[in-house]
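Protein chains in written order, with this note's numbering: chain A, 1 to 545; chain B, 1 to 310; chain C, 1 to 305.
Note that beta-carbon positions come from the ideal geometry of N, C-alpha and C, so glycine has one too.
Keep in mind the model is a prediction, meaning the values are calculated, not measured.
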Amino acid sequence: MKKKTVLLALISIVMLVLAACGFGGKKEEGTKDSGKGKDSKQDLNLVIPSEPPSLNPQLATDSTSGAVLRSVFEGLTRVDKDGKVQPAVAEKIDVSDDKKTYTFHLRDSKWSNGDAVTAKDFKYAWEFALNPKNASEYASILYSIKGAEAFNLGKGKVEDVGIEVKDDKTLVVTLENPTPYFTEITAFYTAMPVNEKVATENKKWSAEGGEGYVSNGPFTLSDWKHSASLTLKKNDSYWDKEAVSLNNVNIKMVESEATANRMFKNNEIDFLGSPFQTVPLDAIDGYKKDKSLNIEDYAAIYEYKMNTTGEFTKNVNIRKALALSIDRQGLIDNVVKGEQTPALGMVPTAIAGFEDDRGYITDNNLDEAKKALAKGMEELGIKDAKDVKINISINTSEAHAAIAQYIQEGWTKNLGITTKIDNSEWQVFLDKMSSLDYTVGRMGWIADYNDAYTFLERYDSAKNGNNDTGWENKEYTDLMKKAVKETDEAKREKLLKDGEKILMTEFPVAPVYFYTNLWVEKDYVKNMAPTSLGEISLKDVKIEK
Amino acid sequence: MINYLLKRLAYILVALFVIVTITFFLMRIAPGSPFASEKNFPPEITAQLNAQYGLDNPWYVQYKDYLVQTAKLDFGQSMKYKDRSTNDMISESFPVSLTLGIEAMLLAVGLGVLIGVVSALYHNKFPDYLATTIAVLGISVPSFILAGLLQYFIGLKLHWLPIGGWDGFKYSILPALAIAFTHMGFIAKLTRSSMLEQNHSEYVKMARAKGLGKWTTVFKHTLRNALLPVVTYLGPLTAGVVTGSFIVEQIFAIPGLGKYFVTSITNRDYTVIMGTTVFYSIILLFAVLLVDILYSVIDPRIKFKGAKKS
Amino acid sequence: MTQKIPVEKFNIVGIDNSKNDQLAKKSVSFWSEVWHRFSHNKLAIVGLIIITIVALMAIFVPWLSPYKYSDVLGNFNHPPSAKNWFGTDDLGRDVFTRVWYGARISLFIGLSAAIIDLIIGVAWGSIAGLAGGRVDDIMMRIADVLTAVPYLLVVIILLVVMQPGLLPMIIALSITGWVNMARIVRGEVLSIKNQEYVLAARTLGGRTGHLIMRHLVPNALGAIIVTMTLTIPSAIFTESFLSYIGLGVSQPQASWGTMASEGNNAIDTAPWRLIFPALFISVTIFAFNAIGDGLRDALDPKLRK
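What follows is the structure in structure tokens.
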């Protein structure tokens, strides 16, 4: 008897469970179809690689969240598809003679709930980002504002931050130093406004999509199915809505590059390329063959950092030998394949003023490399090149592994040194890099604004959190300090180039290549291209079927 | 029986306590932080973040917090996905994984047992070889390769089923197959082997001698006893399958629970690590208990250990 | 119709008492009988031959292939040709050479996992099952805890405290690799231990070790061997996961698992990078499986004639 009861109980449990669960999306499917409406022509289908960690402009830190935020919010300025800064919520910008005071005159524009966008919303949002209590990880991008850094680090008061609301339509910002790229920063998502009323009433306003998610950009976030999809709809309250062609943007979250690529081939999505997933390495050749691959320069660098406190890499000539004997062009042609530019300096060619080769080193210069190695070995008292042991640290990824193996093969063959690849899980890797527990390690750096300073500033002292090489040089530190204060553009560029030259003679880091942005799109998608910062503005995109 | 269940419940609680403790210390030893990123930000901000999530407390306070959270089954905010709570993440994604998991289990058990029985009945004859080939293929082709192949051929080339996503029954077929195949192979092999053993038992010979047909004997007598090792395997397997498979969910873009087991760890999203671990542990411990109860249903010779053994 | 046979036709030959203790059938030891039955199983012999060939190729590949596993030949992603029998991979390395070098690691991992399974898993399961009661509860709850604790976290910590290589990988495999086996053996033991012959052996005062080795294990052998045929491929793929995380062998060394998972991304473009390693994994598992089935049949006390 007992056993029968047990069995019965079991069966009923299974039935209950089966009845309770369904195929999640099924119910929604009906509503989604009806929501598509009449003009489904102007629908764009995209994928992003993951759930956006935060769609609060001030708390977001990653390119996936950024891609969405850029379409649903709008800052004082915006960067168009050619990388030019355009006025957006600000109609007119006045800059003082000392280039330290910016006066933004706001146009009449509305939030998606009908409220007017005012200067107060900007002040609120920026102070929210800078308030140490909110621990915004990207607050430092606003540090060019006077008093911002002190307030953010808990050393100053909010009253001393140089953000002033003259009236509802005028925002005056005082800067610490002349910052030529400040109007680019005002286009960045951390500097986007937030509806003060909405945000103070509901602290979790950005947790879900729909009506409660009030934004001021070309689109609204009409639906957010966590870990599954996002739906953007044209924002009827947007001031420039005539310029917006798309009605709906359906964004699915697809983590696997291979799957995203197959969805593109199957016409389920219209565009594939960062930040809307990436073209997989293995698919590049195919797209190149049928000439559908688009390639654009990207202000980002792939580099091999060298631990200047390491047993072998403390010697500048050893570092030089390693940096010179990388076959960058071969690596680009055969392994990374995206027509990247061999990096022979520290500032990408996509940065204004740095388009041309500065002539510091030549690619794969084996003669010089061997000479430097011999000199370095003599200085270190090493007889046999085999005794120079170099570990290449990478984080887990097939692409990094392939690059490391290619460079390793070159170093072993051409220099005769002993090399090993040390592959670690991402966070273990970050830990090794920041605690200088490595010899040579891979890193990448992507610009947040189009200026050489973002690439060079990292090495201004050994303590800089993004240095990771233990290297510092007084002359270099001084050059960076001077560049920050310099108001003359040409002089500033010269200072930065002098700094770059020091990096390229001391080699705390070996540049490998400057990234490119790769993407494929269906031929009816128009005006969709990433800027040199890898950003895509969906405002301009049009479907022509 | 009641005594037995109470005793087992006590063991489950102890096991949960041990799991929380071990997981807590593993999380503390593992390098990294939920706020680590390639771009460093000032240490003051890190300190602020740590304070916000209670990561600046001494270890025993944090440990106590996790124990209290576990007792309340409320695991707190995710540290990576701001504004999201661990409980929400689990309750939104678990039904998806559960649906897919049940589908996969039905496939795996149904086909697996069938193949196993056929293969045992025709021991060392052609159907056996064919069944064994299928089973071994299942075991040696892991789900990630099968998932890729299914997606490429059936999804992209033949357009029979969708490539990925989660929008209804047809989206679940390929992922369920990918999950089920390996387990099907193993269940088939297991059934075959224990069927063969039973086939030489006296009671089976007796049943056959009485004139019962081949298949009737199988279903009335052999299978029941032959299922014992299969049931052992099914317990923990079910717990694993209904909580989702990271790889299959990733490949088919399914918003299930499985991915949190991996991403929470790579993100060092401590609250989510603890939440998913405890959630999985509870399902696993009960599944194992269920297996032990089933033993006595299947094989009357096995008794509940509430009473002293005879 | 019966024909009568005359008594005269019979002869008394008498009894040779010295032959009383002699057996008519030639006495065969247990193992030679097992071998006899095993060698008559064609499939099992084929399996044995395959494993031997793979092992020999893995050992002698440095003399058989003109390339090294790390040689970048300059032909990137080339399909199979006379020069590169199995094609080349994304870094222009010879897949044929890499498959055989990979066999070294994968076979080693597979065998180690099988041994771990046998030593820890079988012992753990049979002790728990036989002892029953509290011992059983505690031992099996330990196994549950090991399954429930996040494995990836354990691996990350191993990664921090140890240098990558084979040893940490074996440790990582030993942590949970045997739990499945322990559960299955325990289940079998629970069922077997109440059978008459075990009770008889017990009543006769058989020691626990003797009981396990002589009665329980042989009768659970079918399940044990099947479980091992699952353990081997899953260990081969766990290795690729561990190597991917950074715990296993470091690049450019290859294993079947890592080659297959890398090749998996290239099915659209360079399918040979997946096909060859995957094929060798499957063939090897087939071989192990055939050997396992043969062994089971040969060892099964009930099938003995």
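**Request:** Determine the extent of the alpha helix (DSSP H) in which threonine 487 of chain A is found, giving its start and end residues.
**Result:** Position 487 of the first sequence, counted from the first residue, corresponds to residue 487 of chain A. Premise fails: threonine 487 of chain A is in no alpha helix (DSSP H) and is neither H nor E.
**Asked** In chain order, what residues of the same chain lie with their CB nearer than 7 angstroms to the CB of leucine 69 of chain A, ignoring the 5 residues before and after it?
**Response** Translated into the one-based positions of the first sequence, residue 69 of chain A becomes position 69. The beta carbon of leucine 69 of chain A sits closer than 7 angstroms to those of Leu55, Pro57, Ala60, Tyr189 and Met192, all from its chain and outside the five residues before and after it, given in chain order.
**Request:** With a threshold of 16 other CB atoms inside 10 Å of the CB of valine 13 of chain C, please say whether the residue is buried or exposed.
**Result:** Counted from its first residue, the third sequence places residue 13 of chain C at position 13. Under this definition valine 13 of chain C is an exposed residue.
**Asked** DSSP state of tryptophan 519 of chain A, grouped into three classes?
**Response** The residue given as residue 519 of chain A occupies position 519 in the first sequence. Of the three classes helix, strand and coil, the one that applies to tryptophan 519 of chain A here is strand, per DSSP.
**Prompt:** Taking buried to mean at least 16 other C-beta atoms within 10 Å of its own C-beta, is glycine 244 of chain B buried or exposed?
**Reply:** Position 244 of the second sequence holds residue 244 of chain B. Buried is the call here.
**Prompt:** Is the CB-CB distance between isoleucine 390 of chain A and valine 440 of chain A below 7 angstroms?
**Reply:** Here residue 390 of chain A is taken as the residue at index 390 of the first sequence, counted from 1. Here residue 440 of chain A is taken as the residue at index 440 of the first sequence, counted from 1. Between isoleucine 390 of chain A and valine 440 of chain A, the CB-CB gap stays under 7 angstroms.
**Prompt:** Is it buried or exposed for phenylalanine 30 of chain C, if we count other Cβ within 10 angstroms and need 16 for buried?
**Reply:** On the third sequence, residue 30 of chain C is found 30 positions in, with the first residue counted as 1. It is exposed - the Cβ of phenylalanine 30 of chain C has fewer than 16 other Cβ atoms within 10 Å.
**Prompt:** If we ignore side chains and look at the alpha-carbon of each, how far apart do glutamate 38 of chain B and isoleucine 163 of chain A end up?
**Reply:** Counting from one through the second sequence, the residue named residue 38 of chain B turns up at place 38. Counting from one through the first sequence, the residue named residue 163 of chain A turns up at place 163. As the crow flies, the alpha-carbon of glutamate 38 of chain B is around 29 angstroms from that of isoleucine 163 of chain A.
**7 angstroms Cβ cutoff met for asparagine 547 of chain A and aspartate 121 of chain A** = There is no way to answer for residue 547 of chain A, as the model of chain A reaches only from 1 to 545.
**Request:** Indicate whether at least one CB of chain A lies closer than 7 angstroms to the CB of alanine 266 of chain C.
**Result:** Here residue 266 of chain C corresponds to residue number 266 of the third sequence, with the count starting at 1. With 7 angstroms as the cut-off, alanine 266 of chain C counts as an interface residue toward chain A.
**Whole beta strand (DSSP E) elements within the segment 144 to 175 of chain A, 3-residue minimum** = If we require 3 residues or more, the beta strand (DSSP E) runs fully inside the segment 144 to 175 of chain A come out as 163 to 167 and 170 to 174.
**Item:** When A:Tyr449, A:Met306 and A:Trp445 are compared against glycine 470 of chain A, the one with the closest alpha-carbon
**Value:** In the first sequence, counting from the first residue as 1, residue 470 of chain A sits at position 470. Nearest to glycine 470 of chain A by alpha-carbon distance, out of A:Tyr449, A:Met306 and A:Trp445, is A:Met306.
**Asked** Cα separation between threonine 313 of chain A and serine 222 of chain A?
**Response** On the first sequence, position 313 is the one that residue 313 of chain A refers to. On the first sequence, position 222 is the one that residue 222 of chain A refers to. About 53 angstroms.
**Asked** Taking the DSSP output, what are the residues bridged to methionine 206 of chain B?
**Response** Walking along the second sequence from the start, residue 206 of chain B turns up at place 206. Per DSSP, none; premise fails for methionine 206 of chain B.
**Item:** Buried or exposed (CB count within 10 angstroms, at least 16 for buried), isoleucine 2 of chain B
**Value:** Numbered from 1 along the second sequence, position 2 holds the residue referred to as residue 2 of chain B. Isoleucine 2 of chain B is exposed by the Cβ-count criterion.
**Prompt:** Which chain B residues sit within Cβ distance under 8 angstroms of aspartate 117 of chain C?
**Reply:** Within the third sequence, residue 117 of chain C is the residue found at index 117, counting from 1. Per Cβ cutoff of 8 angstroms: no residues; aspartate 117 of chain C is ~14 angstroms from chain B at best.
**Message:** With H, G and I counted as helix, E and B as strand and the rest as coil, what does DSSP make of aspartate 123 of chain B?
**Reply:** By one-based count along the second sequence, residue 123 of chain B stands at place 123. Per the sequence presented here, residue 123 of chain B reads as histidine, with aspartate not at that position. Histidine 123 of chain B falls in the coil class under three-state DSSP.
**Asked** Are the beta-carbon atoms of threonine 531 of chain A and valine 79 of chain A separated by less than 7 angstroms?
**Response** Numbered from its first residue, the first sequence carries residue 531 of chain A at position 531. Numbered from its first residue, the first sequence carries residue 79 of chain A at position 79. Taking 7 angstroms as the Cβ cut-off, threonine 531 of chain A and valine 79 of chain A qualify as a contacting pair.
**Prompt:** So is asparagine 334 of chain A in contact with chain C if we call contact Cβ pairs under 7 angstroms?
**Reply:** Against the first sequence, residue 334 of chain A aligns to sequence position 334. Judged by the 7 angstroms Cβ criterion, asparagine 334 of chain A is in contact with chain C.
**Asked** Can you tell me the Cα-Cα spacing of glutamate 149 of chain A and arginine 268 of chain B, whole angstroms?
**Response** Locating residue 149 of chain A in the first sequence gives position 149, where the first residue counts as 1. Locating residue 268 of chain B in the second sequence gives position 268, where the first residue counts as 1. Rounded to whole angstroms, glutamate 149 of chain A to arginine 268 of chain B spans 28 angstroms at the Cα level.
**Request:** Would you check if the segment 99 to 114 of chain B and the segment 232 to 252 of chain B touch, i.e. whether three or more CB-CB distances between them fall below 8 angstroms?
**Result:** The answer is yes - the segment 99 to 114 of chain B touches the segment 232 to 252 of chain B, with three or more Cβ pairs under 8 angstroms.
**Asked** How would you call alanine 108 of chain B, buried or exposed, if buried means at least 16 neighbouring beta carbons within 10 angstroms?
**Response** Here residue 108 of chain B corresponds to residue number 108 of the second sequence, with the count starting at 1. By the neighbour-count rule (16 or more Cβ atoms within 10 Å), alanine 108 of chain B is buried.
**Prompt:** From what residue to what residue does the alpha helix (DSSP H) around arginine 98 of chain C run?
**Reply:** Along the third sequence, read from residue 1 onward, the residue named residue 98 of chain C stands at position 98. 95 to 116 is the span of the alpha helix (DSSP H), which, as asked, contains arginine 98 of chain C.
**Request:** Using a Cβ-Cβ cut-off of less than 9 angstroms, give me the residues of the segment 409 to 424 of chain A that come near chain C, in sequence order.
**Result:** Residues passing the 9 angstroms Cβ filter: Glu409, Gly410, Thr412, Lys413, Lys420, Ile421, Asp422, Asn423 and Ser424.
**Message:** Run through chain A and tell me which residues come within less than 7 angstroms of tyrosine 244 of chain C, C-beta to C-beta.
**Reply:** Here the question's residue 244 of chain C lines up with position 244 in the third sequence. The contacting residues are Thr396.
**Message:** Please confirm whether asparagine 289 of chain C has its beta-carbon closer than 7 angstroms to some beta-carbon of chain B.
**Reply:** Here residue 289 of chain C is taken as the residue at index 289 of the third sequence, counted from 1. Judged by the 7 angstroms Cβ criterion, asparagine 289 of chain C is in contact with chain B.
**Request:** Apply the 10 Å Cβ neighbour rule to lysine 80 of chain B and answer buried if 16 or more other Cβ atoms are within range, or exposed otherwise.
**Result:** The count along the second sequence starts at 1 and reaches residue 80 of chain B at position 80. With a threshold of 16 other beta carbon atoms within 10 Å, lysine 80 of chain B meets it and is buried.
**Item:** Per-residue contacts from proline 280 of chain A into chain C (C-beta, under 8 angstroms)
**Value:** As a working note, residue 280 of chain A is residue 280 in the first sequence. Within chain C, the residues near proline 280 of chain A are Asn265.
**Prompt:** Within the 7 angstroms Cβ cut-off, does glycine 25 of chain A reach chain B?
**Reply:** Locating residue 25 of chain A in the first sequence gives position 25, where the first residue counts as 1. A caution first: glycine 25 of chain A carries a pLDDT of 44, below 50, which makes its placement in the model too unreliable to give a value.
**Item:** Cβ pair phenylalanine 276 of chain A, isoleucine 48 of chain A closer than 7 angstroms
**Value:** Position 276 of the first sequence, counted from the first residue, corresponds to residue 276 of chain A. Position 48 of the first sequence, counted from the first residue, corresponds to residue 48 of chain A. Going by C-beta atoms, phenylalanine 276 of chain A is nearer than 7 angstroms to isoleucine 48 of chain A.
**Message:** Mapping the DSSP letters down to three states, classify methionine 1 of chain B as helix, strand or coil.
**Reply:** Stepping through the second sequence from its first residue, residue 1 of chain B is reached at position 1. Methionine 1 of chain B: coil per DSSP, three-state reduction.
**Asked** So is isoleucine 53 of chain C buried or exposed if we call it buried at 16+ other beta carbons inside 10 Å?
**Response** Along the third sequence, read from residue 1 onward, the residue named residue 53 of chain C stands at position 53. By the beta-carbon neighbour count (other beta carbons within 10 angstroms, threshold 16), isoleucine 53 of chain C is exposed.
**Prompt:** Among residues of its own chain, excluding the 5 on either side of valine 122 of chain C, which ones have a beta-carbon nearer than 7 angstroms to its beta-carbon?
**Reply:** Here residue 122 of chain C refers to the residue found at position 122 of the third sequence. Within the same chain, valine 122 of chain C has close Cβ partners Met181, Val185, Val217 and Ile224.
**Message:** If you measure between the beta carbons of phenylalanine 38 of chain C and alanine 287 of chain C, is that distance less than 7 angstroms?
**Reply:** Taking the third sequence and counting its residues from 1, one reaches residue 38 of chain C at position 38. Taking the third sequence and counting its residues from 1, one reaches residue 287 of chain C at position 287. No, the pair does not count as a contact, with Cβ atoms beyond the cut-off.
**Prompt:** To which residues of the same chain is valine 524 of chain A closer than 6 angstroms at the C-beta, ignoring the five residues directly before and after it?
**Reply:** Taking the first residue of the first sequence as 1, we reach residue 524 of chain A at position 524. With the sequence shown as reference, residue 524 of chain A is identified as tyrosine, and valine is not the correct amino acid for it. Correct list, in chain order: Ile543, Glu544 and Lys545.
**Asked** How many Å lie between arginine 262 of chain A and lysine 252 of chain A at the Cα?
**Response** Stepping through the first sequence from its first residue, residue 262 of chain A is reached at position 262. Stepping through the first sequence from its first residue, residue 252 of chain A is reached at position 252. Rounded to whole angstroms, arginine 262 of chain A to lysine 252 of chain A spans 14 angstroms at the Cα level.
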